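Numbering (our numbering), first residue to last: 33 to 237.
Note that the Cβ used here is the ideal one computed from N, Cα and C, for glycine as well.
If you're wondering where the values come from, they're calculated on a predicted model, not measured in any experiment.
Remarks on the structure that follows.
So this is what it looks like as structure tokens:
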């Protein structure tokens, strides 16, 4: 859209205060929002870290930050034109489980397990948001998307670079799809009339 007006805002999804401040600024500038893409992610830090609010970093950033952002922007979304919320999940959610006895991984932290749990929470959130939107007639479509394994810095700079898995990522880098292809499921979910609310768009590669 050549005539679009673009501006940038600071937002730290690992801080609920930052989320609230950003949402307040956006509500002050706009009275409607047509599209929200929840895409930020922290992936597998080798040691357990916490957000500024005391949540395990991956769960707090990947899920809770997006949850709070979506909730605080819901008044704008409900005023939008055919509004959509697209939430990025991951293939890591497929084998994940919610550990409600140790949700913040204080007793036992495994990087990939915590990442998978955060992405499963994102997937559950996308489905539940659609259910509530339908039940309350909000008119907001909620769609989950998974980009597949893509050649991005998130993967390239993942911890364990010199482990067997890390060396394999480096040597087999050419097997992964480029970021431009990885973006397609998100773009489809965000813009296509064929995207189904309450569904997940994926790439299988």
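Tell me the rounded alpha-carbon separation between residue 123 and residue 88. Your numbering for residue 123 matches position 91 in the chain shown. Your numbering for residue 88 matches position 56 in the chain shown. Looking at the two C-alpha atoms, the distance is approximately 20 Å.
Using only the alpha-carbon positions, how far apart do residue 161 and residue 82 sit? Residue numbering aside, residue 161 sits at position 129 when the chain shown is read from its first letter. Residue numbering aside, residue 82 sits at position 50 when the chain shown is read from its first letter. If you take the alpha carbons of residue 161 and residue 82, they lie about 26 Å apart.
Rounding to the nearest angstrom, what Cα-Cα distance links residue 203 and residue 99 in this structure? Within the chain shown, residue 203 is the residue found at index 171, counting from 1. Within the chain shown, residue 99 is the residue found at index 67, counting from 1. Confidence at residue 203 is low in this model, with a pLDDT of 49, below 50, so the placement of that residue is unreliable and no value is reported for it.
Does the Cβ-Cβ distance between residue 44 and residue 52 come in under 8 Å? Locating residue 44 in the chain shown gives position 12, where the first residue counts as 1. Locating residue 52 in the chain shown gives position 20, where the first residue counts as 1. Contact: no.
Given a cut-off of 8 Å, decide if residue 59 and residue 96 are closer than it, judged by their beta-carbon atoms. Position 64 of the chain shown holds residue 96. Position 27 of the chain shown holds residue 59. No; because the gap between Cβ atoms is not below 8 Å, this pair is not in contact.
Go through its chain and collect everything with a Cβ distance to residue 153's Cβ below 6 Å, but skip five positions before and after it. Counting from 1 along the chain shown, the entry for residue 153 is found at position 121. Counting only Cβ-Cβ distances below 6 Å, and skipping sequence neighbours, we find 95.
Alpha-carbon to alpha-carbon, residue 128 and residue 54: Residue numbering aside, residue 54 sits at position 22 when the chain shown is read from its first letter. Residue numbering aside, residue 128 sits at position 96 when the chain shown is read from its first letter. When rounded, the distance between both Cα atoms is 31 Å.
To the nearest angstrom, how far is it from the Cα of residue 151 to the Cα of residue 210? As a position in the chain shown, residue 151 is number 119, starting the count at 1. As a position in the chain shown, residue 210 is number 178, starting the count at 1. Going from the Cα of residue 151 to the Cα of residue 210 covers about 21 Å.
Simplified DSSP assignment, three categories, for residue 116: As a working note, residue 116 is residue 84 in the chain shown. In the structure shown, residue 116 sits in a strand (DSSP, three-state: E or B).
Sorted by chain position, which residues of the same chain lie with C-beta nearer than 7 Å to residue 64's C-beta, five sequence neighbours on each side aside? Reading the chain shown from its first residue, position 32 is the one you call residue 64. Around residue 64: 108, 111 and 112.
Whose C-beta lies closer than 8 Å to the C-beta of residue 106 among residues of the same chain, with five residues either side of it excluded? In the chain shown, counting from the first residue as 1, residue 106 sits at position 74. Only 170 and 172 meet the Cβ criterion.
Excluding the 5 residues flanking residue 176 on each side, which residues of the same chain have their C-beta closer than 6 Å to its C-beta? Within the chain shown, residue 176 is the residue found at index 144, counting from 1. Hits under 6 Å: 119, 121, 155, 158 and 232.
Alpha carbons only, please: which of 48, 34, 67 and 57 is nearest the one belonging to residue 174? By 1-based counting over the chain shown, the position of residue 174 is 142. Taking only the C-alpha atoms, the option nearest residue 174 is 67.
Simplified DSSP assignment, three categories, for residue 205: As a first step, residue 205 must be located in the chain shown, where it is residue number 173. In this prediction, residue 205 scores a pLDDT of 49, lower than 50, which makes its location untrustworthy; the coordinate-derived value is nonetheless stated afterwards. Residue state, collapsed to three classes: helix.
Taking the beta strand (DSSP E) that residue 94 belongs to, which residues open and close that run? Taking the chain shown and counting its residues from 1, one reaches residue 94 at position 62. Careful: residue 94 lies outside any beta strand (DSSP E) and carries neither H nor E.
In the DSSP assignment, the alpha helix (DSSP H) including residue 165 goes from what residue to what residue? Here the question's residue 165 lines up with position 133 in the chain shown. 143-168 is the span of the alpha helix (DSSP H), which, as asked, contains residue 165.
Nearest-angstrom Cα distance between residue 164 and residue 37? The residue you call residue 164 lines up with position 132 of the chain shown. The residue you call residue 37 lines up with position 5 of the chain shown. Going by the C-alpha atoms only, they are around 32 Å apart.
Which residue from 79, 220, 125 and 34 puts its Cα closest to that of residue 139? To locate residue 139, count along the chain shown from 1; it is residue 107. Comparing Cα positions, the closest option is 79.
If you follow the beta strand (DSSP E) that residue 52 is part of, which residue opens it and which one closes it? Taking the chain shown and counting its residues from 1, one reaches residue 52 at position 20. Note, residue 52: premise wrong, no beta strand (DSSP E); alpha helix (DSSP H) at 48-61.
Three-way DSSP call (helix, strand, coil) for residue 77 in this model: Numbered from 1 along the chain shown, position 45 holds the residue referred to as residue 77. DSSP places residue 77 in coil when its eight states are reduced to three.
Would you give the residue range spanned by the beta strand (DSSP E) that residue 177 belongs to? For the purposes of this step, residue 177 is taken as residue 145 along the chain shown, with counting starting at 1. Segment 173-178, the beta strand (DSSP E) holding residue 177.
Residues that residue 70 bridges to, as DSSP identifies them: Here residue 70 corresponds to residue number 38 of the chain shown, with the count starting at 1. Residue 70 pairs with 119.
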